[in-house]
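> In the order they appear, the protein sequences are chains W, S, R, B and U. Our numbering numbers the first residue of the first sequence as 1 and each following residue consecutively. Our numbering numbers the first residue of the second sequence as 101 and each following residue consecutively. Our numbering numbers the first residue of the third sequence as 201 and each following residue consecutively. Our numbering numbers the first residue of the fourth sequence as 301 and each following residue consecutively. Our numbering numbers the first residue of the fifth sequence as 401 and each following residue consecutively. Using N, Cα and C, we set each Cβ at its ideal position, and we do this for glycine too. Fair warning: this is a prediction, and the values are worked out from it, not measured in the lab.
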Amino acid sequence: MIIGKVLGSVVSTRKNENLVGSKFMIVEPVESMAKENSRIVAVDNIGAGIGEYVLVALGSAARIGCDKETKPIDAAIVGIIDDGESFK
Amino acid sequence: MIIGKVLGSVVSTRKNENLVGSKFMIVEPVESMAKENSRIVAVDNIGAGIGEYVLVALGSAARIGCDKETKPIDAAIVGIIDDGESFK
Amino acid sequence: MIIGKVLGSVVSTRKNENLVGSKFMIVEPVESMAKENSRIVAVDNIGAGIGEYVLVALGSAARIGCDKETKPIDAAIVGIIDDGESFK
Amino acid sequence: MIIGKVLGSVVSTRKNENLVGSKFMIVEPVESMAKENSRIVAVDNIGAGIGEYVLVALGSAARIGCDKETKPIDAAIVGIIDDGESFK
Amino acid sequence: MIIGKVLGSVVSTRKNENLVGSKFMIVEPVESMAKENSRIVAVDNIGAGIGEYVLVALGSAARIGCDKETKPIDAAIVGIIDDGESFK
Chain W
1 MIIGKVLGSV VSTRKNENLV GSKFMIVEPV ESMAKENSRI VAVDNIGAGI
51 GEYVLVALGS AARIGCDKET KPIDAAIVGI IDDGESFK
Chain S
101 MIIGKVLGSV VSTRKNENLV GSKFMIVEPV ESMAKENSRI VAVDNIGAGI
151 GEYVLVALGS AARIGCDKET KPIDAAIVGI IDDGESFK
Chain R
201 MIIGKVLGSV VSTRKNENLV GSKFMIVEPV ESMAKENSRI VAVDNIGAGI
251 GEYVLVALGS AARIGCDKET KPIDAAIVGI IDDGESFK
Chain B
301 MIIGKVLGSV VSTRKNENLV GSKFMIVEPV ESMAKENSRI VAVDNIGAGI
351 GEYVLVALGS AARIGCDKET KPIDAAIVGI IDDGESFK
Chain U
401 MIIGKVLGSV VSTRKNENLV GSKFMIVEPV ESMAKENSRI VAVDNIGAGI
451 GEYVLVALGS AARIGCDKET KPIDAAIVGI IDDGESFK
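(1) Mind checking I364 of chain B: buried by the 16 CB within 10 Å criterion, or exposed?
(2) Using C-beta distances below 8 Å, list every residue in its chain close to V11 of chain W, excluding the 5 sequence neighbours before and after it, in chain order.
(3) Step through the CB atoms of chain W and report whether any lies within less than 7 Å of the CB of G351 of chain B.
(4) Can you confirm whether the region 44-54 of chain W touches the region 348-356 of chain B when touching is taken to mean that 3 or more C-beta pairs between the two stretches lie within less than 8 Å?
(5) Could you tell me which residues DSSP pairs with F324 of chain B in its beta bridges?
(6) When Cβ atoms are compared, which residues of the region 434-449 of chain U fall closer than 9 Å to chain B?
(7) Can you list the residues of chain W that I373 of chain B reaches, using a CB-CB cut of under 9 Å?
(8) DSSP three-state label for A361 of chain B, please.
(9) Under three-state DSSP, which class holds G449 of chain U?
(10) Compare the C-beta of K415 of chain U against all C-beta atoms of chain B and say whether one is closer than 7 Å.
(11) Give me whichever residues DSSP pairs with L255 of chain R in a beta bridge.
(12) Are the C-beta of S409 of chain U and some C-beta of chain R separated by less than 7 Å?
(13) Just how far apart, CA to CA, sit G379 of chain B and P329 of chain B?
(14) Under 7 Å between C-beta atoms, does S122 of chain S make it to chain W?
(15) Please confirm whether A257 of chain R and D174 of chain S have their CB atoms less than 7 Å apart.
(16) With a cut-off of 8 Å on the beta carbons, I'd call K188 of chain S and K135 of chain S a contact; round off their distance for me.
(17) Step through the CB atoms of chain S and report whether any lies within less than 7 Å of the CB of S12 of chain W.
(18) If we ignore side chains and look at the alpha-carbon of each, how far apart do G121 of chain S and V27 of chain W end up?
(19) Between the Cα of N18 of chain W and the Cα atoms of W:D67, W:L55, W:V54, which residue gives the shortest distance?
(20) Give me the chain B residues within the contact set of E28 of chain W, using Cβ-Cβ distance strictly less than 8 Å, ordered along the chain.
(21) Give every residue of the same chain whose Cβ lies closer than 6 Å to the Cβ of L207 of chain R, excluding the five residues on either side of it in the sequence, and list them in chain order.
(22) Suppose contacts are defined by Cβ-Cβ distances below 7 Å. Is V454 of chain U in contact with I440 of chain U by that definition?
(23) Taking M201 of chain R as the reference, which of R:N237, R:E231, R:E252, R:G259 has the closest Cα?
(24) For E352 of chain B, does the count of other Cβ atoms within 10 angstroms reach 16, so buried, or fall short, so exposed?
(25) Can you name the residues of chain U whose CB is closer than 8 Å to the CB of E331 of chain B?
(26) Verify whether the separation of the beta carbon atoms of N37 of chain W and S132 of chain S is less than 7 Å.
(27) Can you grab the Cα-Cα spacing for the pair R214 of chain R / D483 of chain U, in whole Å?
(28) So if DSSP puts P429 of chain U in a beta bridge, which residue, or which two residues, is it bridged to?
(29) Expressed to the nearest angstrom, what Euclidean distance is found between the alpha-carbon atoms of A90 of chain W and P372 of chain B?
Here you go:
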């Protein structure tokens, strides 16, 4: 998993029907965990707010144990970091 | 997932029989989400047009919930971004 | 998927028994789709020739719908591009 | 798998319920195995200590054979390297 | 898959019980197939020797068809290249 900061949300009205109701957030990995230009779109099912530092699961992990086994998702916010600022 | 711009399509007449009928599009990730030279070929099942900004699912996610579980696909357009220009 | 050019083949006499009969090709991704030094070895089940531009599926996609579900393969040539030169 | 050094732990109070009880560690890959800025968060189920060099499984491998098949995990510490210093 | 040279082995006494008996080798991808600093730890089930050029399967492919479906493995040596020197 990586730690990243939630920058904002993304709206997609025309999308795969299995994605209806999913909340898409733009996450920027912290500097120690990624090269430049590596923001991702992650589905949030924790209720993360803009500016919060979150734990993001990538790949098939994004669908496991999140009730999203049937959704075309490859990144999910699975936790909010308690002391996120210390990782930026 | 990443956001990218649809640049054009790709034609492959001789291909795996499970890919017959699939529409292949060239997608260029937006700058904040990828390093240089990282265009990909994604299967479109939303009806995205050239120039549109789209949400692309990568890896096994490209086959899940898209009725493509039996196709050799590792990238799929799963949504069209409402305000795509703001991400370029 | 990515588009690449077939550069040649690879011979491995001593290998996993599930790979017996597989044809291994060296594929170089086109410049717009990869950084430098990113050639891969892909299994060909289309009959691609050296110099041809092909569509390559990566990861688990390389085993799906190719009758290769039980083989340790992470890259497969799944199509030949009609107008490959235009992507180089 | 890659070899990395355990730098510390991460606390996430608000998280996916399937992650309750998981211990998250920050791991920095050794220089020969990664580019700069590629630290990851891995779940530890071996009991690795800070400063130890560990073997990390990535992707779906992080959930297999670790009794974590139902958890949204994409990186796991699966071994402690006997002579870790020799790889730094 | 990628081609790499076997540099040596790794010993991990304290490890996941599903990895007992696995032989871990350090593999350095050949220059045309990887950026700098991208050595990996791969499980060998072919009997590769130090200095040999091998075919490495990555991701879930490392567990398929290798009788390793239940092991937390993401890289495996699946073949020895006949004319490895030509790829270095």
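In short, the structure shows the following:
(1) Taking a 10 Å sphere around the C-beta of I364 of chain B, we find 16 or more other C-beta atoms and assign the residue as buried.
(2) Cβ neighbours of V11 of chain W beyond the five flanking positions: F24.
(3) Closer than 7 Å: no.
(4) Taking a cut-off of 8 Å for Cβ pairs, the region 348-356 of chain B and the region 44-54 of chain W do not touch, as fewer than three such pairs fall below it.
(5) Residue pairing of F324 of chain B in beta bridges, as defined by DSSP: B:V310, B:V343.
(6) Against chain B - using a Cβ distance shorter than 9 Å - the residues of the region 434-449 of chain U are K435, E436, N437, S438, R439, I440, V441, A442, V443.
(7) M1, A57, A61, I64, G65, V78, listed in chain order.
(8) DSSP places A361 of chain B in helix when its eight states are reduced to three.
(9) Correct three-state label for G449 of chain U: coil.
(10) Yes, its Cβ sits closer than 7 Å to a Cβ of chain B.
(11) Answer by DSSP bridge pairing, in chain order: R:I203, R:G279.
(12) For S409 of chain U, no Cβ of chain R is located within less than 7 Å of the residue's own Cβ.
(13) In a straight line, the C-alpha of G379 of chain B is about 14 Å away from that of P329 of chain B.
(14) Between S122 of chain S and chain W, the shortest Cβ-Cβ separation is not below 7 Å.
(15) Yes, Cβ-Cβ distance for A257 of chain R and D174 of chain S is below 7 Å.
(16) At roughly 16 Å, the Cβ-Cβ gap does not stay under 8 Å, so K188 of chain S and K135 of chain S are not in contact.
(17) Judged by the 7 Å Cβ criterion, S12 of chain W is in contact with chain S.
(18) Roughly 34 Å separates the two Cα atoms.
(19) Of W:D67, W:L55, W:V54, the residue nearest in Cα terms is W:D67.
(20) Per Cβ cutoff of 8 Å: no residues; E28 of chain W is ~13 Å from chain B at best.
(21) Taken in chain order, the residues that qualify are I226, E228.
(22) No. Outside cutoff.
(23) Selected option, being the one with the closest Cα: R:G259.
(24) Buried, since its Cβ has 16 or more Cβ neighbours within 10 Å.
(25) The CB of E331 of chain B comes closer than 8 Å to the CB of N437 in chain U, given here in chain order.
(26) Their beta carbons are under 7 Å apart, which means N37 of chain W touches S132 of chain S by this criterion.
(27) Approximately 12 Å between the Cα atoms of the pair.
(28) DSSP output for P429 of chain U lists U:G404 as bridge partner(s).
(29) One cannot answer for residue 90 of chain W here, as it falls past the ends of chain W, which runs 1 to 88.
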